[in-house]
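First comes the structure, then the notes that go with it.
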Amino acid sequence: MNLKTQNSTKKTVLITGAAGFLGSHLSDRFIKEGYHVIAMDNLITGDLKNIEHLKDNPNFEFINHDVSKHITIDGKLDYILHFASPASPIDYLKIPIQTLKVGSLGTHNLLGLARAKNARMLIASTSEVYGDPKVHPQTEEYWGNVNPIGPRGVYDEAKRFQEAITMAYHRYHGVETRIVRIFNTYGPRMRLNDGRVLPAFIGQALRGEDLTVFGKGNQTRSFCYVDDLIEGIYRLLLSDYAEPVNIGNPDEITILQFAEEIIKLTGTKQKIIFKELPVDDPMQRQPNIDKARSILGWEPKVNRAEGLKITYDYFKSLTAEDLYKVDHKNFNDYIKK
Ligand code: UDP
């Protein structure tokens with residue numbers, strides 16, 4: 023491993039999934055805060071373009087590695103942030119085994135590394151641990167309603183295992199750990215073709231296609247702008263709170279209303295068409311963020327209109343090649359015409 027010399031005066035953070043959407047924004051934040059960033063990714067869903075601008079920074083290094091396999095890092099490590107994972111329902115269908123492994127074996131490897139290096143580790147958990155929730159809005163105390171053997175089970179159960187093993191390392195080995203439960207987040211550097219609702223709708227508008235609403239569109243989500251999320255994660259890492267904390271924007275909206283907002287934003291003349299609702303699609307999702315407010319003094323600042331405008335400007339700046347690089351085969355299989 024050919025590492026750049028780590029500056030011993032700087033705190034060192036290992037970020038897994040660093041070439042992905044959230045990982046790349048975290049890399050930016052930690053560089054800005056004066057850390058030495060070791061960015062790790064196997065590029066299965068990540069893209070080097072997301073961290074291209076950091077590559078010549080002396081405080082940034084990239085390692086192409088699959089965290090599901092044993093990890094060796096030379097030198098000291100102060101923090102680990104585990105953000106490697108496929109994160110879209112289409113990804114779970116395409117790469118289910120990798121999804122399971124990165125959340126389980128990957129987390130185990132990283133906890134071992136955290137223990138060996140005496141580093142603090144923060145794991146990216148998810149609102150998916152609540153499954154199709156029967157409690158609304160979702161508080162951290164809610165245990166969830168997850169189908170372990172459904173198509174989303176590979177992600178949900180890996181993340182639930184991830185939380186369990188993280189708490190076990192915390193309780194039995196005294197590793198300092200933090201758990202963030204991330205609700206739907208959006209912003210620049212999302213994959214246009216990952217099938218998630220925001221890139222799907224904006225991509226469809228940009229290509230002049232109809233917007234595909236699944237089911238009747240009365241299911242709800244609550245969308246958080248990426249900068250707000252990163253701020254919450256940063257605060258959680260530096261806090262002394264080891265139990266899970268929801269980070270998300272409680273501003274809840276139905277998917278049909280969301281499609282209408284995207285039509286207005288993009289000015290597309292296309293219409294909304296309805297497709298079959300995917301199996302186990304959660305019907306409602308809204309974070310209760312009382313804990314984040316009281317423990318971290320955090321709440322989201324960017325409203326959806328502002329965040330969507332920035333995100334739309336980003337997607338508009340992509341090339342035609344990016345725009346048409348849609349994995350139509352899997353996408354069409356998924357939405358079952
Ligand atoms: N969705 C939709 N049309 C699409 C993609 C997604 O109506 O083209 C719906 C999906 O059924 C779900 C919501 O949008 O109810 C959010 O889906 P996403 O894949 O973004 O993530 P999830 O929150 O389900 O993990």
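Be aware that the sequence shown starts at 23, since it is given in the numbering used here, and climbs by one per residue.
Even for Gly, the Cβ is constructed at its ideal location relative to N, Cα and C.
Because the structure is a prediction, the values reported are computed rather than measured.
Residue i burial status per 10 Å Cβ neighbour count (16 or more: buried)
i, result
"residue 143", "buried"
"residue 75", "exposed"
"residue 123", "buried"
"residue 184", "buried"
"residue 171", "exposed"
"residue 56", "exposed"
"residue 418", "Outside the shown range of the chain, which is 23 to 359, sits residue 418, and nothing can be said about it."
"residue 295", "exposed"
"residue 140", "exposed"
"residue 279", "exposed"
"residue 41", "buried"
"residue 92", "exposed"
"residue 338", "exposed"
"residue 266", "buried"
"residue 313", "buried"
Through-space distance from residue j to residue i, alpha-carbon basis
i, j, result
"residue 271", "residue 217", "21 Å"
"residue 53", "residue 34", "10 Å"
"residue 352", "residue 116", "Any reading at residue 352 must be qualified, since the residue scores a pLDDT of 45, below 50, and its modelled position is unreliable; the value itself is stated next. If I take the Cα positions, the gap works out to 8 Å."
"residue 343", "residue 163", "45 Å"
"residue 366", "residue 169", "In this structure the chain extends from 23 to 359, so residue 366 is not present and cannot be described."
"residue 191", "residue 133", "7 Å"
"residue 360", "residue 251", "The chain is shown from 23 up to 359; residue 360 falls before or after that span and cannot be answered."
"residue 327", "residue 186", "37 Å"
"residue 319", "residue 261", "11 Å"
"residue 147", "residue 113", "17 Å"
"residue 87", "residue 293", "43 Å"
"residue 333", "residue 193", "40 Å"
"residue 72", "residue 99", "23 Å"
"residue 222", "residue 315", "31 Å"
"residue 82", "residue 282", "41 Å"
"residue 5", "residue 196", "The structure shown does not extend to residue 5, since the chain is modelled only from 23 to 359, so the question has no answer here."
"residue 242", "residue 138", "42 Å"
"residue 61", "residue 285", "37 Å"
"residue 350", "residue 206", "Only weak support is given to the placement of residue 350: the predicted model assigns it a pLDDT of 42, under 50, and the question is left unresolved by the model."
"residue 182", "residue 154", "14 Å"
"residue 418", "residue 264", "Only positions 23 to 359 of the chain appear in this structure, which leaves residue 418 out of reach."
Best match in the options for proximity to residue i [C-alpha to C-alpha]
i, options, result
"residue 111", "83, 236 and 35", "236"
"residue 135", "159, 198 and 274", "198"
"residue 245", "278, 106, 101 and 209", "209"
"residue 200", "47, 191 and 258", "258"
"residue 89", "128, 83 and 107", "128"
"residue 335", "228, 263 and 279", "228"
"residue 97", "42, 32 and 116", "32"
"residue 51", "267, 179, 261 and 248", "248"
"residue 213", "289, 340, 80 and 82", "340"
"residue 231", "288, 260, 306 and 60", "288"
"residue 158", "139, 324 and 310", "310"
"residue 126", "67, 180, 141 and 226", "180"
"residue 174", "238, 95, 331 and 304", "304"
"residue 269", "165, 238 and 202", "202"
"residue 166", "70, 84, 307 and 225", "307"
Beta bridge counterpart(s) of residue i as assigned by DSSP
i, result
"residue 274", "244"
"residue 362", "Nothing in the structure corresponds to residue 362, since the chain is present only between 23 and 359."
"residue 236", "297"
"residue 104", "38 and 145"
"residue 268", "203"
"residue 208", "247"
Any non-hydrogen atom of the ligand SAH closer than 6 Å to residue i Cβ
i, result
"residue 292", "Among the ligands present in this structure, namely the ligand UDP, the ligand SAH is not found."
Q | Any alpha helix (DSSP H) of 4 or more consecutive residues that is wholly inside the segment 136–206 | A | 175–195
**Q.** 3-residue-minimum beta strand (DSSP E) runs that sit fully inside the segment 272–317, ordered along the chain
**A.** 274–276 and 294–297
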